[in-house]
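Residue numbers (the numbering used here): 483 to 858. Where is the CB? At the ideal position from N, CA and C, for every residue including glycine. Encoded as structure tokens, the structure appears first; notes follow it.
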């Protein structure tokens, strides 16, 4: 063996990216993105092995994504060949990767990205709690919404005296500053001008130069009958005001319906439990029950058993858009009194009914006897 240190050979670029040699441009780009996200130094701080894999993947992509470099590599491999071969990892290569990595790790192109044009206002969310009845029949509440609105003192310009913005001294009007992170340099939004590339000479005292100020906005809205828990209403243009003439955002009202002590909702039907007596279950008849529309008579057929569900049509939740109502659905429970709570004649009738059915009234004969003694 010759003297000196043996040099480790490079891995095949196709092997590095985990793709076949016939892979197309889309497959190569997808494979590189997965590796870049997995081994990026920002996600693996202090991990030198991940850093090397990240650089290896970047070098492989830089070659295989370029048709001329790829053709040369397919012919000569890692050797220099007729065109000088391939160098190691070049940090400047990241300028070509912005379309792949996007803003995932703060990458961006070197082009100016300052924001001097209109910026739309942000959308807002408001969580509104309603009672069961308010959700069923609708309500018109007044909302109080804190939001950023155009400053009335400077009319949104951010300047106290109306003077125009001046170029930012920190970034030189570029809207970005470049920061070195290990072996490469990335662009960050300028902290002085927030990426606009310009600053206000004399900021407005009311809004500190931002052009907007937080205020509480009162808004009466109409909640339609029949909304359910989790419903979301969109109110266009009721969000935050934009910057430099940008459009207003939207307001999204998210509905939360409180539970009811006796009623449950099933789509547009209302469900409740109704207890009836044994005679009514046997003979049938009518019983008054509560619904969201008030007291109603429920028809109980003869021979109704516990667990039966009886409906009162049209006494449920109004359907959205005024397309009728759901039903009220009564789940039948049976009320069974204790022997000691019955009158003597009632007790004797129940005892006779049991005997006629071939049943013994009670294993403890003393129960009925003691009740009879109470009336003796």
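Handout entry: In DSSP terms, what residue 624 is bridged to
Key = For residue 624, which the question treats as bridged, DSSP gives the partners 702.
Problem - Assigned secondary structure, residue 587 (DSSP; H/G/I helix, E/B strand, else coil) - result: For residue 587, the predicted model reports a pLDDT of 48, less than 50, meaning its position is unreliable; a value from the coordinates is still stated below. Three-state DSSP puts residue 587 in coil, outside helix and strand.
Exercise for the section: My understanding is that residue 674 touches residue 636, with C-beta atoms under 8 angstroms, so please give their C-beta distance in whole angstroms. Expected result: Not a contact, Cβ separation roughly 20 angstroms.
Practice task
Would you list the residues sitting across from residue 734 in a DSSP beta bridge?
Solution key: DSSP, once it has assigned bridges, lists 607, 716 as partnering residue 734.
Problem - Stretch-stretch touch, CB-based, cutoff 8 angstroms, three pairs: the stretch 764 to 783 with the stretch 725 to 733 - result: At 8 angstroms Cβ cutoff, the stretches do not touch.
Practice task
On the DSSP bridge assignment, give the partners of residue 807 in chain order.
Solution key: DSSP, once it has assigned bridges, lists 800 as partnering residue 807.
Problem - Own chain partners of residue 769 with C-beta closer than 8 angstroms, once the 5 adjacent residues on each side are dropped - result: Correct list, in chain order: 756, 758, 762, 779, 780, 782.
Handout entry: Beta-carbon gap between residue 747 and residue 710 smaller than 8 angstroms
Key = In contact: residue 747 and residue 710 (Cβ atoms closer than 8 angstroms).
Problem - Alpha-carbon spacing of residue 737 relative to residue 497, whole angstroms - result: Between residue 737 and residue 497, the C-alpha separation is close to 53 angstroms.
Handout entry: Nearest-angstrom beta carbon gap, residue 752 and residue 811 [assumed within contact, 8 angstroms]
Key = Contact between residue 811 and residue 752 holds, since their C-beta atoms are separated by about 7 angstroms, short of 8 angstroms.
Handout entry: Start-to-end residues for the beta strand (DSSP E) that takes in residue 651
Key = Taken as a continuous stretch (DSSP letters only), residue 651 belongs to no beta strand (DSSP E), as it is neither H nor E.
Handout entry: Top-ranked residue by Cα proximity to residue 817, from 833, 801, 764
Key = Per the C-alpha coordinates, the member of 833, 801, 764 positioned closest to residue 817 is 764.
Handout entry: The alpha helix (DSSP H) enclosing residue 787, as first and last residue numbers
Key = Here residue 787 belongs to no alpha helix (DSSP H), and DSSP marks it neither H nor E.
Handout entry: Inter-stretch contact (C-beta, 8 angstroms, three-pair minimum) for the stretch 817 to 831 and the stretch 639 to 646
Key = No, because fewer than three Cβ pairs between the stretch 817 to 831 and the stretch 639 to 646 fall closer than 8 angstroms, the two stretches do not touch.
Handout entry: Which of helix, strand or coil DSSP assigns to residue 682
Key = For residue 682, the secondary structure class from DSSP, reduced to helix, strand or coil, is coil.
Exercise for the section: Given a cut-off of 8 angstroms, decide if residue 684 and residue 641 are closer than it, judged by their beta-carbon atoms. Expected result: With contacts defined as CB atoms closer than 8 angstroms, residue 641 and residue 684 qualify as a contacting pair.
Exercise for the section: Using alpha carbons as the reference points, say which of 809, 814, 798, 794 lies closest to residue 787. Expected result: Out of 809, 814, 798, 794, 814 has the C-alpha closest to the C-alpha of residue 787.
Exercise for the section: Decide if residue 696 is buried, meaning its Cβ has at least 16 other Cβ atoms within 10 Å, or exposed. Expected result: Here residue 696 is exposed: its Cβ has fewer than 16 other Cβ atoms, across all protein chains shown, within 10 Å.
Handout entry: residue 898: first and last residue of the uninterrupted alpha helix (DSSP H) it sits in
Key = Summary: the structure shown does not reach residue 898, with the chain confined to residues 483 through 858, and so no result is reported for it.
Handout entry: Outcome for residue 839 when other beta-carbon atoms lying within 10 angstroms are tallied against a minimum of 16
Key = Exposed.
Problem - Residues near residue 713 in its chain [Cβ-Cβ closer than 6 angstroms; skip 5 each side] - result: Excluding positions up to five away in sequence, the list reads 737.
Handout entry: For residue 550, the first and last residue of its enclosing alpha helix (DSSP H)
Key = Looking at the DSSP string, the run of the alpha helix (DSSP H) that includes residue 550 is 549 to 558.
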